Amino acid sequence: MQPTVSRRTLLSIAGLASAGLTLSGCVGGAASPSDASSSAATTTLHLVGFAVPKEANNAAQAAFAKTDAGKGVVWQESYGASGDQSRAVVNGLAADYVHFSLEGDVSRLVDAGLVDANWKNGPTKGIVSDSVVAIVFPKGNPKNITGWADLIKPGIRIVTPNPASSGSARWNILAAYQQVINQGGTEAQAEEYLTSFFKNVVALPGSGRDATNAFLQGTADVLISYENEAILARQSGETFEYLVPDSTLLIENPAAVTKTADPKAQAYLDFVLSAAGQTEFAKKGFRPVIDGVTLPEVQGANDPKNPYPKPAKLFTINDLGGWSAVNKKFFTDTTGVVPKIQQQTGKTK
0 MQPTVSRRTL LSIAGLASAG LTLSGCVGGA ASPSDASSSA ATTTLHLVGF AVPKEANNAA
60 QAAFAKTDAG KGVVWQESYG ASGDQSRAVV NGLAADYVHF SLEGDVSRLV DAGLVDANWK
120 NGPTKGIVSD SVVAIVFPKG NPKNITGWAD LIKPGIRIVT PNPASSGSAR WNILAAYQQV
180 INQGGTEAQA EEYLTSFFKN VVALPGSGRD ATNAFLQGTA DVLISYENEA ILARQSGETF
240 EYLVPDSTLL IENPAAVTKT ADPKAQAYLD FVLSAAGQTE FAKKGFRPVI DGVTLPEVQG
300 ANDPKNPYPK PAKLFTINDL GGWSAVNKKF FTDTTGVVPK IQQQTGKTK
């Protein structure tokens with residue numbers, strides 16, 4: 000279990016991560032030049048990712064450094080909102096390994112000629128980290144939040160990231176929509192639910208980590224978040240509670256190496272997809288993407304000995320038609336379901 004840190008420390012970490020600052024050397028367990036033997040050549044790898052898995056990547060980097068393939072590797076990192084990070088790489092930000100929230104953020108790099116088109120041909124289809132959409136609330140559950148239906152009651156203040164910049168926001172909103180369909184509702188009823196949901200939104204931060212930061216400052220009654228983000232914050236000393244709704248969405252985050260990457264970037268990707276790498280991610284709140292991982296006790300989970308129970312109704316992005324259809328239907332500027340609802344409710348920022 001990690002040492003307990005103060006809320007101020009956690010918020011400082013969150014602020015650094017969400018600002019997308021470039022971090023190098025020994026960051027959160029990443030290998031530094033002093034970790035490498037004097038005879039080993041130093042290889043610097045640039046990792047660009049969305050803010051949420053920073054700590055999991057740092058843990059995996061530390062474990063990777065102990066392998067033959069990881070010897071001599073040091074890291075320069077940039078973390079922020081997934082879409083912003085993807086566009087930054089297209090605009091010239093150095094990247095050997097990218098870890099984004101959404102498939103489309105890797106596809107953007109394929110279209111720009113920076114990542115091979117076969118990046119998702121492996122057994123996990125390019126996915127390196129899994130989670131589920133969860134609902135977070137203060138200790139004691141003062142608003143008696145028991146599921147999705149409670150979020151649209153009058154007076155409930157919601158924080159969720161902005162779908163214009165954040166991948167986690169899109170997962171959250173799709174989960175809120177599809178849970179209506181899963182209960183036998185129509186598309187019209189699902190859109191009606193989203194409209195009521197957005198009316199209760201009081202903040203749309205730029206990234207999933209920024210949303211956690213805003214919630215920790217006491218600005219809302221409910222945070223819509225990744226399960227892993229809730230677990231990590233509790234590992235760091237936060238006392239809020241979370242629930243995984245009976246009906247929720249499987250979050251699948253992709254990673255890829257760029258065409259010009261040093262071969263050690265592919266070695267790191269292979270390590271992340273191994274049982275050892277997935278164990279490091281599981282310790283930080285992520286659900287394994289491969290079979291055969293013996294789960295450790297996960298501090299911060301509701302039940303550390305059984306940290307990742309399967310929800311009664313767990314749906315995937317394919318249940319909504321896949322990302323191409325989803326982006327067109329839900330997130331196209333001005334014509335998509337979500338931008339229209341945001342305009343109607345005045346919740347665009």
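Residues 0 to 348, numbered by numbering that gives the first Met the number 0, are exactly what the sequence shown covers, in order. Where is the CB? At the ideal position from N, CA and C, for every residue including glycine. On a predicted model such as this, the values are computed, not experimentally measured, just so you know.
Pick out whichever of Q298, W322, E279, T331 has its Cα sitting closest to the Cα of A58.
-> E279
Where Q298 and K282 are concerned, what is the direct C-alpha to C-alpha distance, given to the nearest angstrom?
-> 8 Å
Using the DSSP secondary-structure output, state which residues sit across from T41 in a beta bridge.
-> Answer by DSSP bridge pairing: none, since T41 is not bridged.
Straight-line gap, V243 to V72 (C-alpha atoms, nearest Å) | 37 Å
Can you grab the Cα-Cα spacing for the pair L173 / L248, in whole Å?
-> 8 Å
Assuming F99 and G154 form a contact by the criterion Cβ under 8 Å, report the distance between their Cβ atoms to the nearest whole angstrom.
-> So it is not a contact: roughly 35 Å between Cβ atoms.
How is the beta strand (DSSP E) around G79 delimited, first residue to last?
-> 72–79
Residues bridged to Y225 by DSSP?
-> V132
What residue range is occupied by the uninterrupted beta strand (DSSP E) comprising S246?
-> 246–256
Same chain, Cβ closer than 7 Å to N140, five either side skipped, listed in chain order | E240
For G207 versus Y225, is the C-beta spacing smaller than 8 Å?
-> yes
Helix, strand or coil: which one does DSSP assign to D156?
-> Note on residue identity: the sequence assigns Arg, not Asp, to residue 156. Correct three-state label for R156: coil.
Cβ separation of N227 and F285, assumed to be a contact under 8 Å, to the nearest whole Å = 5 Å
Give the single residue among P253, G103, D245 whose Cα lies nearest to the Cα of V51.
-> P253
Could you work out which residue in A111, Q216, G103 is closest to G91 when comparing CA atoms only?
-> A111
Continuous alpha helix (DSSP H) assignments of at least 4 residues falling wholly in the stretch 50–128 = 53–63, 81–89, 102–110
Can you check DSSP and say which residues form a bridge with R286?
-> D129
Option nearest A349 by Cα separation, candidates G291, L268, P262 = The chain is shown from 0 up to 348; residue 349 falls before or after that span and cannot be answered.
Contact set for I250: own chain, Cβ-Cβ below 7 Å, skip 5 residues either direction = D129, S130, V131, V132, W170, Y225
Quick one: using the 10 Å Cβ neighbour count with 16 as the cut-off for buried, is G217 buried or exposed?
-> exposed
Between which two residues does the alpha helix (DSSP H) carrying F214 extend?
-> 207–215
Sub-8 Å separation of T42 and K263 beta-carbons = yes
Locate the beta strand (DSSP E) running through Y241, then write down its first and last residues.
-> 240–242
For the candidate residues T315, T344, P310, whose alpha-carbon lies nearest to that of G146?
-> P310
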